[in-house]
Amino acid sequence: MTSETLAQQEQLEELAAKLVAARRHLHENPELSHEEFETTAFIKAWLEEAGIRIAPYSLRTGLVAEVGGLRPGPVVAIRADIDALPIREETGLPYASKVPGKMHACGHDFHTAAVLGAAYLLKQKEEELPGTVRFLFQPAEEKASGALKVIGSGALENVRAVFGLHNKPDLPVGTLGIKEGPLMAAADGFVAEIEGRGSHAALPEAGSDPIVASAQIVSAVQSIVSRNISSLDSAVVSVTKLHSGTAWNVIPEKALLEGTIRTFDEGVRSRVLARFREVVEGVAAASGTKASLRWIQGPPPVNNSAELAELARTTADALGYSAVTPLPSPAGEDFAFYQREVPGLFVFVGTDGPHEWHHQAFDLDEAALPVSARFFSELALRALLELADPPAGGANG
Ligand SMILES: [Zn+2]
Ligand SMILES: [Zn+2]
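All residue numbers for the sequence shown refer to this note's numbering, where the first residue is 10 and numbers rise by one.
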């Protein structure tokens, strides 16, 4: 090992300890979507201590920072989400959540610390950077609305490529899940109100029963996946809430159904949504009731750039990490909104956890923090080099 790599090794170990401390602080103090005030203040203080400049994009929670720009070149962005979930933590960890009913159960504390680390490493070579790296500390991913706030602030201006990460409990530390094309699903929600006519439970012929109609709707929508889309495509239709009735001897007037539809392709998405409406309205009408359907439009599918995926694989290889092709996840991710604006790559980072995302005992291996910091700083640097405009005057200039 040369003295230079030894020094780098020491620097990385020092940074790893700082990132663990930052992650644990965030873990102990989780804040829900759009309420990330203390989290934002913490990130700001951490960046300022590292001499990293805060960029002037106005956000109520969350913030944008930048490194580079001393030499001309393109702008690339790295995004971390910062919000927690309304879950009561049951990990028993010494740094478990101090806030009852709130928990970083999706590992966004990890994402924040990892991107702080990438910013720190890039800051060390700021003078050499051929362009600017912008860091998007985004609020409210769990409500799928924070990315739109960041885009609305103008922080994607001039950005040529955007990178994002999610921890992945089923991949080992040192492994990165890199895949072009669809990676995470479009996550749309629905609320269907079935309006019938109430009556005495003993005289159903005098009313229109919304409970019987709802039961038929729940069964009928399951045929959409099996009968209306190709076996080579995939989708999920789940009814997750069904409310109706007030007493054992009364046929109620209304029933309420809620649930979600997950798809990986915009064409499949619009077909499933259109078919869902037809089935719900048609079955309701056939049962003598009336359905009114409201969509809770979620993010589109996460769809990764093939060029950036290739760049990420080369980067992983150069750093000695292993890159695998992960299975797509049917969870939604509002990173997809950035990818509608600029080419992007969302990467899964192996964190070897005992439970899936959103579990009350969710945990991860912090050894993945320096891996992520190193990987994303190197990836951003390589993206700047790759995207740089050819020198003026052409190839011979
Ligand atoms: Zn989540
Ligand atoms: Zn998440």
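The C-beta atom is built at its ideal place from N, Cα and C for all residues, glycine as well.
- Look at the beta carbons and you see the region 102–109 not touching the region 51–61: under three pairs across the two are nearer than 8 Å.
- For residue 34, the secondary structure class from DSSP, reduced to helix, strand or coil, is helix.
- In the DSSP assignment, residue 133 falls within the alpha helix (DSSP H) that extends over 117–133.
- In the three-state DSSP reduction, residue 304 falls in the strand class (E or B).
- At least one heavy atom of ligand 1 sits closer than 7 Å to the Cβ of residue 366.
- Checking the DSSP bridge columns, you'll see residue 250 partnered with 267.
- Rounded to the nearest whole angstrom, the C-alpha separation of residue 340 and residue 85 is 26 Å.
- Its chain contains 260 as the residues whose beta carbon lies nearer than 7 Å to that of residue 213, once the 5 sequence neighbours on both sides are disregarded; these appear in chain order.
- Taking 7 Å as the cut-off, one finds no heavy atom of ligand 1 near enough to the beta carbon of residue 98.
- Residue 381 and residue 129 have their C-alpha atoms roughly 12 Å apart.
- Positions of the beta strand (DSSP E) runs, each at least 3 residues long and wholly inside the region 314–352, are given as 331–333 in order along the chain.
- In this structure, the straight-line span from the alpha carbon of residue 397 to that of residue 100 is close to 46 Å.
- Residue nearest to residue 234 within the set 203, 255, 288, 253 is 288 (criterion: CA-CA distance).
- The region 189–262 is shown to contain whole alpha helix (DSSP H) runs of 4 or more residues at 219–237, in chain order.
- Closest by C-alpha distance to residue 311, out of 163, 347, 262, is 347.
- Your pair residue 292 and residue 244 does not check out as a contact, with CB atoms roughly 19 Å apart and the cut at 8 Å.
- Distance between residue 324 and residue 349, taken at the CA atoms: about 24 Å.
- Unbroken beta strand (DSSP E) runs of no fewer than 3 residues, entirely contained in the region 53–100, are found at 72–77, 84–90, following chain order.
- Using a cutoff of 7 Å, the CB of residue 151 counts as near ligand 1, since one of the ligand's heavy atoms is closer than that.
- Judged by beta-carbon spacing, residue 357 lies beyond the 8 Å limit of residue 145, meaning their Cβ atoms are not closer than that value.
- Closest option to residue 57, judged by alpha-carbon separation, among 41, 42, 76, 68: 76.
- Separation of residue 60 and residue 267 (C-alpha to C-alpha, rounded to the nearest whole angstrom) is 48 Å.
- Your pair residue 183 and residue 359 checks out as a contact, with CB atoms roughly 6 Å apart and the cut at 8 Å.
- Per DSSP, residue 161 lies in no beta strand (DSSP E); the unbroken alpha helix (DSSP H) holding it starts and ends at 155–161.
- The distance from the Cβ of residue 173 to that of residue 344 is about 4 Å, consistent with a contact at the 8 Å cut-off.
- Setting aside the 5 residues that flank it on each side, residue 201 is surrounded in the same chain by 266, 289, 300, 302, each with a C-beta closer than 6 Å to its C-beta; the list follows chain order.
- Residue 353 is positioned such that its CB atom lies closer than 8 Å to that of residue 313.
- Taking the C-beta atoms as reference points, residue 111 is found no nearer than 8 Å to residue 123.
- Less than 8 Å divides the Cβ of residue 49 from the Cβ of residue 72.
- Within its own chain, the residues whose Cβ lies closer than 6 Å to the Cβ of residue 207, once the five positions on either side in sequence are excluded, are 216, 260, 261, 262, listed in chain order.
- Taking each of 187, 63, 141 in turn and checking the Cα distance to residue 384, the smallest one comes out for 187.
- Excluding sequence positions up to five before and after residue 331, its CB lies within less than 8 Å of the CB of 183, 184, 185, 325, all in the same chain and listed in chain order.
- With contacts defined as CB atoms closer than 8 Å, residue 320 and residue 388 qualify as a contacting pair.
- Check the Cα spacing between residue 98 and each of 315, 148, 366, 164: the tightest is with 366.
- Residue 113 has its CB no nearer than 7 Å to any heavy atom of ligand 2.
- Only exposed fits residue 369, as fewer than 16 other CB atoms lie within 10 angstroms of its CB.
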